[in-house]
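There are 2 protein chains.
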Amino acid sequence: MASLKDVAQKANVSITTVSRVINNNKNVNPDTRRIVLKAVKELDFRPSKFAQRLRVKSGKRKLVGLIVPDIQNPFYVDVVRGVEDMVYANDYAVIMCNFAQDEKKASLYIDIMRAEGVDGLIIAPTIHIVGKIKELIKNALPIVLIDRGIPGIDVDMVEVDNRKGASNAVELLISKGHKRIAYIGGIKEIPTSKLRYQGYLDAHKKYKIKVDKDLIEFGNSKSESGRIISEKLLSKKNRPTALFCGNNLITLGALETIHNLGLKIPSDVAIVGFDDMPWSISLNPPLTAIFQPGYEIGRSAVRMLLDRIDEPNKTCAKVTLKTQLIERKTT
Amino acid sequence: MASLKDVAQKANVSITTVSRVINNNKNVNPDTRRIVLKAVKELDFRPSKFAQRLRVKSGKRKLVGLIVPDIQNPFYVDVVRGVEDMVYANDYAVIMCNFAQDEKKASLYIDIMRAEGVDGLIIAPTIHIVGKIKELIKNALPIVLIDRGIPGIDVDMVEVDNRKGASNAVELLISKGHKRIAYIGGIKEIPTSKLRYQGYLDAHKKYKIKVDKDLIEFGNSKSESGRIISEKLLSKKNRPTALFCGNNLITLGALETIHNLGLKIPSDVAIVGFDDMPWSISLNPPLTAIFQPGYEIGRSAVRMLLDRIDEPNKTCAKVTLKTQLIERKTT
DNA sequence: TTTTCTTATGAAAACGTTTTCAATATAAAT
DNA sequence: ATTTATATTGAAAACGTTTTCATAAGAAAA
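Residue numbers (numbering that gives the first Met the number 0), protein chains in the order written: chain A, 0 to 330; chain B, 0 to 330.
Set out below in structure tokens:
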């Protein structure tokens, strides 16, 4: 790749002048500018990003990092797309890591990102990395959390109204006449699981339906737990007539069980899942689901992060996006 | 972040010595090393990647780029994971772009990656960017192509045995007694579509079954085209008894149509899709599909790329990975 | 004419590394 | 005692930018 020096040589000016031209500095003679621009084009010059990063101090490096726990989850795929689009639209670059729920890896990746000189980080935190995140915050690295916060620490974040989303879903089920609705949540400890559970309770309360604790179970974010728990639930003698699944992998597992058991949807059991998926409509029957605006979450997160990079001391904000209940054929 | 200078100061040595220590250079007194290491730990020092990149010349920067056309496609998600794992295992970093079939964006992203100083690029090429890719090759930037090659140019690549995979799938259908098997391919012009079509023909030839050209259609990589084409096919009076779908989005669209039409799978129509998906088993009925080892493709691609970076002039290689036919309940 | 402003330009420092070269001290060989 | 080899260290250059400062040439003002 050609460097400033090469261009300067070709255009017979100093590298300072070339720098001025490519940075649109006004103090340069129009004729000179023309000559330099010509040389730039001829040599296909692009300023070296890492040389720039070396020169400019942290916060102006035009690089952010994104850390998601599981890129196989379509929700995070949407987030990634949103982040990517917004980042490049702002003339930044993004480096991404997918830490697959592995604590060691997450810590390593965060270190790598710091070494890369990111101006800030967007993280979907899991329990494993709250320590690391606190450390980053102490070091004043701009951070935006997505999907879920970390209780007790003050940081920008963008999330979704989990509680409302869940209660909407359960209300739909209730409106269809269901009285025995099971909730299969994700990992019990994480905030989203709790909030969705709250929403489940809210709906029951609103319609004065008694909650049967036996119909409430927590698993994790693997389809296997959906499969196993739904099997347990559906083989009760007094089985639930509807399932509300706390995340998309659990939904998938539950679906598998329902089909294996030969139950009809929605006549034998209805099901609604938190998290819509691009192929929900291709399922048989098409899945009723709660859509989380992952793409929008990604975009918002970038917006907040760039704001904070610009203005490191402003007070932390939290943006809450709406979910959307998409009624198809499983309810 | 602490710099070499800070560490040097704290340890009372020159930055050269610190550099030697962190690079495991042998010419340093054990006592000195201990002192330096202590300072490194205390200051939580990590060498700045971009400063390193500035110093070392292209090919030693420990950074590669990955460009995939569509990260919403689960196949590419696997590729991404494979690349990521392999890259970090080799102490490299990766910067990723998802160009969503958009020519402008692809070109922009490639330029960004060059400016970032990548040592090499892994690209799943589409027709739009062959020009750009040729240019890169002329500039001697190490490149590995995945998924599909570009006819007429010599470059490393890793792909899957599309032809064999397709013929296996169609043979399975034939073995189940099907004689009227439709093929719904992706974009007609791209190599994978053609090869899968070849495989379709191979199987027919092998079992001496006449091919009905009316059952062969090409669409693109969107589920809509699967939906529309399958509808056209299945509403013929002499309709096919089985569908072989050329990519996973087409499969999804076809599934939607089949359900809408109220046809039973596999008794009314059987279906097998190229590309397995993590949730194939949750479909109703669970989908028979051809699995492409995306993760392995990603890993191989990195392996090849690092080899080429090491040895830029070696002759180009092509590795072909096997597909795997996963028989579930739609055949 | 002299002074003061602009405008246009370049030299040089700085960013944080790696690497080459030179310098010193000590040990080994003569 | 002198030379030679070895081990350990540091100074300085280089990588490609941005930015500060200085300078020169005109233009405007006095």
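We put the beta carbon where it would ideally sit given N, CA and C, even for glycine.
Since the structure is predicted, the reported quantities are computational estimates derived from the model, not experimental observations.
The stretch 194-204 of chain B and the stretch 161-170 of chain B touch, with no fewer than 3 CB-CB distances between them shorter than 8 Å. Below the 8 Å Cβ cutoff, chain A contributes K48, F49, A92 as neighbours of E115 of chain B, in chain order. Sorting A:T329, A:P311, A:E326 by C-alpha distance to the C-alpha of V154 of chain A places A:P311 at the top. In its chain, beyond the 5 residues on either side, L144, G148, K317 have a beta carbon closer than 6 Å to the beta carbon of M156 of chain A. In the DSSP assignment, E255 of chain A is bridged to no other residue. N23 of chain A is classed as exposed because its beta carbon has fewer than 16 other beta carbons within 10 Å across all chains shown.
By the rule that beta-carbons nearer than 9 Å mark a contact, H127 of chain A does not touch chain B. Inter-segment contact for the stretch 293-305 of chain A and the stretch 259-266 of chain A is absent: fewer than three beta-carbon pairs are separated by less than 8 Å. A Cβ-Cβ distance of about 7 Å is found for the pair V35 of chain B and V6 of chain B, placing them in contact under the 8 Å criterion. About 22 Å separates the beta carbons of S222 of chain A and L194 of chain A, which is beyond the 8 Å limit, so they are not a contact pair. Taking C-beta atoms as the reference points, I173 of chain B and S229 of chain B fail to come closer than 9 Å.
Setting aside the 5 residues that flank it on each side, N26 of chain B is surrounded in the same chain by R19, each with a C-beta closer than 7 Å to its C-beta; the list follows chain order.
Judged by DSSP in its simplified three-state form, E230 of chain B adopts helix. For the stretch 273-290 of chain B, the set of positions with a beta-carbon nearer than 9 Å to some beta-carbon of chain A reads M276, P277, W278, I280, S281, L282, N283, P284, P285 in chain order. Less than 9 Å divides the Cβ of L135 of chain B from the Cβ of I142 of chain B.
Contact annotation for D110 of chain A against chain B: R45 [CB-CB distance below 8 Å, chain order]. The Cβ atoms of T329 of chain B and P284 of chain B lie closer than 9 Å to each other. About 17 Å separates the beta carbon of D118 of chain B from that of S47 of chain B, a gap too long to meet the 8 Å contact definition. For Y182 of chain A, not one C-beta of chain B is nearer than 9 Å to its own C-beta. Among the residues of chain B, those whose CB is under 7 Å from the CB of V79 of chain A are I70, following chain order. In this structure T287 of chain B does not touch I249 of chain B by the C-beta definition: roughly 15 Å separates them, more than the 8 Å allowed. Counting C-beta atoms within 10 angstroms of its own C-beta, R54 of chain A has fewer than 16 neighbours from the protein chains shown and is therefore classed as exposed. The C-alpha of R226 of chain B is placed about 11 Å away from the C-alpha of N219 of chain B. Counting along the chain, the unbroken alpha helix (DSSP H) around T191 of chain A starts and ends at 190-205. Nearest neighbour of I186 of chain B by Cα position, chosen from B:K175, B:R179, B:Q100, turns out to be B:Q100. For G130 of chain B, the closest of B:I152, B:I111, B:D146 by C-alpha to C-alpha distance is B:I152.
Nearest C-alpha to G176 of chain B among B:F217, B:A241, B:I128, B:L232: B:A241. 9 Å or more divides the Cβ of R179 of chain B from the Cβ of L140 of chain B. Between N247 of chain A and P68 of chain A, the C-beta gap is not smaller than 9 Å, which leaves the two residues out of contact.
DSSP, read as helix, strand or coil, puts M112 of chain A in helix. Cβ contact annotation for Y91 of chain B (same chain, cutoff 7 Å, sequence separation greater than five): K61, L62, V63, in chain order.
Chain-order list of chain A residues neighbouring L251 of chain B: W278, S281, by C-beta distance under 7 Å. With a minimum length of 4 residues, the unbroken runs of alpha helix (DSSP H) contained wholly in the stretch 152-196 of chain B fall at 161-174. In chain order, I70, Q71, V76 make up the part of chain B whose C-beta sits under 8 Å from the C-beta of V76 of chain A. Beta-bridge partners of V143 of chain A (DSSP): A:I121, A:D155. Exposed is the label assigned to N11 of chain B, since fewer than 16 other Cβ atoms lie within 10 Å of its Cβ.
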